[in-house]
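For the record, in the sequence shown the residue sitting at position 163 is 310 according to the working numbering, with numbers rising by one throughout. A virtual CB, placed ideally from N, CA and C, is assigned to each residue, including glycine. This one's a predicted model, so the numbers in the text were calculated from it and none came from an experiment. Structure record follows, encoded as structure tokens.
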Amino acid sequence: MELLNKVAIVTGASSGIGTAFSKKLIDKGATVYGLARRLNKLEDIQSKLGEKFIPVQMDVTKHKDIEEWVNNQFDEDHLPDILVNNAGLARFGNVDDLTVDDWDTMVQTNLNGIFYLTRVIVPLMKQNPQHCHIINIASVAGLLGNPQLTGYNATKFGVRGFSEALFKELRYDKIKVSAMFPGSIATDFFNKVGSETHANMMQPGDVADTLIHLLETPDNLLINEVTMRPLNPKNPDSK
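Here is the structure:
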């Protein structure tokens, strides 16, 4: 795909890899609708990235709000080319300490949110005469289970299953579907779950470069899954 003048939607765009994805796409000449709950953060990003970054205050767990925005924003003369389902969060803890609210919040954001947006974007992509691409951001936690990650594992395994089924469903509609499985990235995600970032974690820009590579592959070439990890994941400052 040639990214110049393409229309992209990026969820979770207000921080971390979502912001990095948006920057790399804009650098390539795309217009990005950046979705997130924090409008002030999005407006700050727009001040840095320019008018090709369009802030959209949106909670991906609110399917009616998503439907209303998509119906108002897009039509046969203005169609999306790229959807990056990036919004996600984690609540870590033993299963007997994990609350129902924690579980429901992860399922709603990490899994249902992807479905809510994808289901209303796919019909528009089917109208698009050009090849389109949906990229779902999972995690290495979608490939293997670990203690205290039951809810997070469950949602990210779900993203993998959803992505594989969707790519087989849409491949003959000229719509690519890829899932990315990153390991530890130096973002505030780890701060929110009580961990610290360090120099051996992957950098958001490097992960974003991988996303751009997936998008720029030839039209009849699909990389449906890609796993990324730090070669040496250990904190260099630890003894």
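Per the DSSP secondary-structure output, Ser-325 pairs in a beta bridge with Ile-282. Contact check for Leu-189 and Gln-204: beta-carbon distance about 7 Å, within the 8 Å limit, so the pair qualifies. Straight across, the Cα-Cα distance linking Gly-330 with Thr-374 is about 8 Å.
The beta carbon of Lys-153 lies closer than 7 Å to those of Ala-177, Asp-228, Ile-229 in the same chain, with the five residues before and after it left out. Rounded to whole angstroms, the separation of the alpha carbons of Phe-239 and Leu-245 is 8 Å.
Under the three-pair Cβ rule at 8 Å, the region 159 to 170 counts as touching the region 345 to 359. Counted as a single uninterrupted DSSP element, the beta strand (DSSP E) harbouring Ile-201 occupies residues 200 to 204.
Bridge partners of Leu-182 according to DSSP: Thr-158, Val-203. For Ile-370, there is no enclosing beta strand (DSSP E), as DSSP marks it with neither H nor E.
Setting aside the 5 residues that flank it on each side, Trp-216 is surrounded in the same chain by Val-203, Met-205, each with a C-beta closer than 8 Å to its C-beta; the list follows chain order. Between the region 360 to 368 and the region 306 to 314, the count of C-beta pairs closer than 8 Å stays below three; the two stretches do not touch. The criterion of a C-beta distance shorter than 8 Å is not satisfied by Val-207 and Leu-258. Per DSSP, reduced to three states, the secondary structure at Leu-378 is coil, with no helix or strand assignment.
Taking 8 Å as the cut-off, the beta carbon of Asn-347 is found no closer than this to the beta carbon of Asn-367. By the beta-carbon neighbour count (other beta carbons within 10 angstroms, threshold 16), Leu-172 is buried. Here the alpha carbon of Phe-328 sits roughly 7 Å from the alpha carbon of Ile-284. The beta-carbon separation of Val-324 and Asn-371, rounded to 7 Å, stays under the 8 Å limit for a contact.
Of the residues assessed, Leu-196 falls on the buried side of the cut-off, its CB having 16 or more other CB atoms within 10 angstroms.
Within 10 angstroms of the beta-carbon of Lys-303 lie 16 or more other beta-carbons, which makes it buried. For Val-247, there is no enclosing beta strand (DSSP E); the enclosing alpha helix (DSSP H) has its first and last residue at 247 to 253. In the displayed model, Leu-230 falls within a strand according to three-state DSSP.
For Ile-164, the closest C-alpha among the options Gly-235, Glu-343, Pro-276 is that of Gly-235.
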